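Novice: Numbering (the numbering used here), first residue to last: 496 to 638. Each residue gets a CB set at the ideal place from its N, CA and C atoms; glycine is no exception. All of these numbers come straight from a predicted model, not from anything done at the bench.
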(Lines of atoms letter the chains of each structure in order from A and count residues from 1; the text may use other names and numbers.)
(Lines give C-alpha, C1' and ligand atoms only; values in the text may rest on other atoms or scores of the structure.)
Protein backbone atom coordinates (compact mmCIF):
# COMPACT_ATOMS: atom_id res chain seq x y z
CA UNK A 1 0.00 0.00 0.00
CA UNK A 2 2.92 2.35 0.60
CA UNK A 3 6.17 2.89 -1.23
CA UNK A 4 9.22 4.40 0.42
CA UNK A 5 10.58 7.32 -1.55
CA UNK A 6 13.65 8.24 0.49
CA UNK A 7 16.23 5.48 1.09
CA UNK A 8 18.64 7.97 2.70
CA UNK A 9 16.23 9.20 5.40
CA UNK A 10 18.50 8.25 8.30
CA UNK A 11 21.45 10.02 6.69
CA UNK A 12 19.27 13.10 6.12
CA UNK A 13 18.13 13.00 9.75
CA UNK A 14 21.73 12.97 10.96
CA UNK A 15 22.65 15.83 8.60
CA UNK A 16 19.65 17.83 9.84
CA UNK A 17 20.80 17.42 13.43
CA UNK A 18 24.23 18.73 12.51
CA UNK A 19 23.05 21.64 10.35
CA UNK A 20 20.06 22.80 12.38
CA UNK A 21 16.31 23.02 11.93
CA UNK A 22 14.35 22.82 8.71
CA UNK A 23 13.12 25.64 6.50
CA UNK A 24 10.26 25.76 3.97
CA UNK A 25 12.71 25.08 1.15
CA UNK A 26 14.61 22.36 3.05
CA UNK A 27 12.37 20.79 5.71
CA UNK A 28 13.47 18.24 8.30
CA UNK A 29 12.15 14.67 8.17
CA UNK A 30 9.05 13.78 10.20
CA UNK A 31 8.80 10.31 11.83
CA UNK A 32 5.77 8.22 10.91
CA UNK A 33 4.07 4.84 11.23
CA UNK A 34 1.87 3.26 8.54
CA UNK A 35 -0.41 0.24 8.83
CA UNK A 36 -3.67 -1.27 7.59
CA UNK A 37 -6.60 -1.41 9.99
CA UNK A 38 -9.64 -3.16 8.53
CA UNK A 39 -10.77 -1.31 5.39
CA UNK A 40 -8.53 1.69 6.05
CA UNK A 41 -4.87 2.50 5.70
CA UNK A 42 -3.61 4.54 8.66
CA UNK A 43 -0.59 6.85 8.63
CA UNK A 44 0.48 8.49 11.90
CA UNK A 45 3.00 11.33 12.06
CA UNK A 46 4.77 12.66 15.16
CA UNK A 47 4.09 16.41 15.41
CA UNK A 48 4.66 17.25 19.10
CA UNK A 49 4.22 20.90 19.93
CA UNK A 50 2.70 21.74 16.54
CA UNK A 51 -0.74 23.34 16.43
CA UNK A 52 -3.19 21.92 13.87
CA UNK A 53 -3.25 25.33 12.16
CA UNK A 54 0.48 24.95 11.38
CA UNK A 55 -0.01 21.65 9.50
CA UNK A 56 -0.54 21.45 5.71
CA UNK A 57 -1.78 18.22 4.10
CA UNK A 58 -1.90 17.95 0.32
CA UNK A 59 -2.66 15.12 -2.10
CA UNK A 60 -1.81 15.37 -5.77
CA UNK A 61 -2.58 12.22 -7.73
CA UNK A 62 -1.01 9.58 -5.47
CA UNK A 63 1.57 11.80 -3.73
CA UNK A 64 0.69 12.69 -0.13
CA UNK A 65 2.61 15.63 1.35
CA UNK A 66 2.47 16.60 5.03
CA UNK A 67 4.25 19.75 6.23
CA UNK A 68 4.27 21.08 9.78
CA UNK A 69 6.01 24.03 11.37
CA UNK A 70 7.01 24.25 15.02
CA UNK A 71 7.49 27.87 15.96
CA UNK A 72 9.32 29.15 19.03
CA UNK A 73 7.17 29.88 22.07
CA UNK A 74 6.37 33.53 22.57
CA UNK A 75 8.87 34.94 25.05
CA UNK A 76 9.28 38.22 26.84
CA UNK A 77 12.21 40.46 25.94
CA UNK A 78 13.93 39.85 29.28
CA UNK A 79 14.06 36.00 28.90
CA UNK A 80 17.49 34.47 28.40
CA UNK A 81 17.50 30.96 26.90
CA UNK A 82 19.92 28.65 28.73
CA UNK A 83 19.16 25.41 26.87
CA UNK A 84 17.21 24.75 23.68
CA UNK A 85 17.09 21.11 22.53
CA UNK A 86 13.60 20.87 21.03
CA UNK A 87 13.84 21.27 17.28
CA UNK A 88 12.07 24.22 15.68
CA UNK A 89 11.36 24.89 12.04
CA UNK A 90 9.63 23.02 9.25
CA UNK A 91 9.09 19.26 9.12
CA UNK A 92 7.84 17.41 6.07
CA UNK A 93 7.13 13.98 4.69
CA UNK A 94 6.10 12.82 1.23
CA UNK A 95 4.80 9.35 0.54
CA UNK A 96 3.49 7.70 -2.61
CA UNK A 97 0.10 6.10 -2.06
CA UNK A 98 -0.92 3.00 -3.97
CA UNK A 99 -3.71 3.39 -6.52
CA UNK A 100 -5.78 0.98 -4.42
CA UNK A 101 -6.37 3.75 -1.86
CA UNK A 102 -9.29 6.22 -2.07
CA UNK A 103 -7.48 9.56 -1.87
CA UNK A 104 -10.79 11.46 -2.23
CA UNK A 105 -11.94 10.46 1.28
CA UNK A 106 -8.89 10.95 3.52
CA UNK A 107 -9.66 12.08 7.07
CA UNK A 108 -7.19 13.75 9.43
CA UNK A 109 -7.13 14.04 13.22
CA UNK A 110 -4.50 15.56 15.50
CA UNK A 111 -4.39 14.45 19.14
CA UNK A 112 -1.60 14.46 21.75
CA UNK A 113 1.07 15.43 19.21
CA UNK A 114 0.15 12.71 16.71
CA UNK A 115 -1.38 13.52 13.32
CA UNK A 116 -3.40 10.52 12.13
CA UNK A 117 -4.57 10.17 8.54
CA UNK A 118 -7.11 7.50 7.64
CA UNK A 119 -7.26 6.54 3.98
CA UNK A 120 -10.04 4.16 2.90
CA UNK A 121 -9.20 1.17 0.72
CA UNK A 122 -10.84 1.68 -2.69
CA UNK A 123 -13.81 -0.56 -3.48
CA UNK A 124 -12.01 -1.95 -6.55
CA UNK A 125 -9.18 -3.21 -4.31
CA UNK A 126 -11.41 -5.08 -1.84
CA UNK A 127 -11.90 -8.82 -2.25
CA UNK A 128 -15.11 -9.71 -4.06
CA UNK A 129 -16.90 -12.86 -5.01
CA UNK A 130 -17.23 -13.73 -8.69
CA UNK A 131 -20.19 -15.83 -9.72
CA UNK A 132 -19.83 -18.54 -12.29
CA UNK A 133 -22.20 -18.41 -15.25
CA UNK A 134 -24.22 -21.44 -16.31
CA UNK A 135 -22.97 -23.50 -19.24
CA UNK A 136 -26.28 -23.28 -21.11
CA UNK A 137 -25.81 -19.53 -21.53
CA UNK A 138 -22.63 -20.02 -23.58
CA UNK A 139 -22.81 -19.65 -27.34
CA UNK A 140 -20.63 -21.51 -29.79
CA UNK A 141 -19.04 -19.57 -32.58
CA UNK A 142 -18.91 -21.39 -35.89
CA UNK A 143 -16.61 -20.36 -38.61
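Measuring CB to CB, does residue 538 end up less than 9 Å from residue 614?
Specialist: Translated into positions along the chain shown, residue 538 becomes position 43. Translated into positions along the chain shown, residue 614 becomes position 119. Going by C-beta atoms, residue 538 is nearer than 9 Å to residue 614.
Novice: Considering only residues of the same chain and omitting the five flanking positions on each side of residue 581, which have a CB-CB separation below 8 Å?
Specialist: Here residue 581 is taken as the residue at index 86 of the chain shown, counted from 1. Result list for residue 581: 544, 565, in chain order.
Novice: Taking only runs that begin and end inside the stretch 556-587, name each unbroken beta strand (DSSP E) of 3 or more residues, in chain order.
Specialist: Segments of the beta strand (DSSP E) lying fully in the stretch 556-587: 558-565.
Novice: Taking the alpha carbon of residue 524 as the point to measure from, which residue in 556, 586, 573 has its own alpha carbon closest?
Specialist: Along the chain shown, read from residue 1 onward, the residue named residue 524 stands at position 29. The shortest C-alpha separation from residue 524 is found at 586.
Novice: Are the beta-carbon atoms of residue 621 and residue 534 separated by less than 9 Å?
Specialist: Translated into the one-based positions of the chain shown, residue 621 becomes position 126. Translated into the one-based positions of the chain shown, residue 534 becomes position 39. Yes, they are a contact pair.
Novice: In terms of residues, what are the limits of the beta strand (DSSP E) holding residue 535?
Specialist: One-based indexing of the chain shown puts residue 535 at position 40. Here the beta strand (DSSP E) through residue 535 covers 535-541.
Novice: Please report the residue range of the beta strand (DSSP E) in which residue 532 lies.
Specialist: Here residue 532 is taken as the residue at index 37 of the chain shown, counted from 1. Run containing residue 532: 527-532, per the beta strand (DSSP E) assignment.
Novice: Confirm, please, whether the CB-CB distance from residue 594 to residue 557 is below 9 Å.
Specialist: On the chain shown, residue 557 is found 62 positions in, with the first residue counted as 1. On the chain shown, residue 594 is found 99 positions in, with the first residue counted as 1. The answer is yes: Cβ separation under 9 Å.
Novice: Under the three-state reduction of DSSP, which class applies to residue 615: helix, strand or coil?
Specialist: Along the chain shown, read from residue 1 onward, the residue named residue 615 stands at position 120. Strand, per DSSP.
Novice: Check each candidate in 540, 530, 506 and name the one with the smallest Cα separation from residue 607.
Specialist: The residue given as residue 607 occupies position 112 in the chain shown. Of 540, 530, 506, the residue nearest in Cα terms is 540.
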